[in-house]
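This report refers to the structure that appears directly beneath it.
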Amino acid sequence: MLKALNKLFGGRSGVIETAPSVRVLPLKDVEDEEIPRYPPFAKGLPVAPLDKILATQAELIEKVRNSLGF
Numbered sequence: 003m004l005k006a007l008n009k010l011f012g013g014r015s016g017v018i019e020t021a022p023s024v025r026v027l028p029l030k031d032v033e034d035e036e037i038p039r040y041p042p043f044a045k046g047l048p049v050a051p052l053d054k055i056l057a058t059q060a061e062l063i064e065k066v067r068n069s070l071g072f
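The sequence shown maps to residues 3 to 72 in the numbering used here.
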């Protein structure tokens with residue numbers, strides 16, 4: 003069965019194909035802030051007080067309330 007499959011798919015008996023060798027280069031000294039990551043902020047996202055967030059979104063909140071009938 004294996005011989006038939008090898009003939010069908012063009013396998014070469016006794017020959018094992020290997021991947022080309024890969025050269026690994028040493029990593030230079032890299033600061034943690036230079037390494038890409040997600041989220042893309044080294045110190046995280048800034049936090050704003052809830053009062054300020056609500057104040058800046060007052061118009062949008064009012065539109066949502068009106069559309070929902072509150």
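For glycine and all other residues, C-beta sits at the position ideal for the given N, C-alpha and C.
Residue state for residue 72 is assigned as coil, using DSSP reduced to three classes. Annotated as proximal: residue 63 and residue 56, with beta-carbon spacing under 9 Å. In the DSSP assignment, residue 56 falls within the unbroken alpha helix (DSSP H) covering 52-58.
Boundaries cannot be given for residue 47, as no alpha helix (DSSP H) includes it and DSSP labels it neither H nor E. DSSP places residue 24 in the coil class of the three-state scheme, outside both helix and strand.
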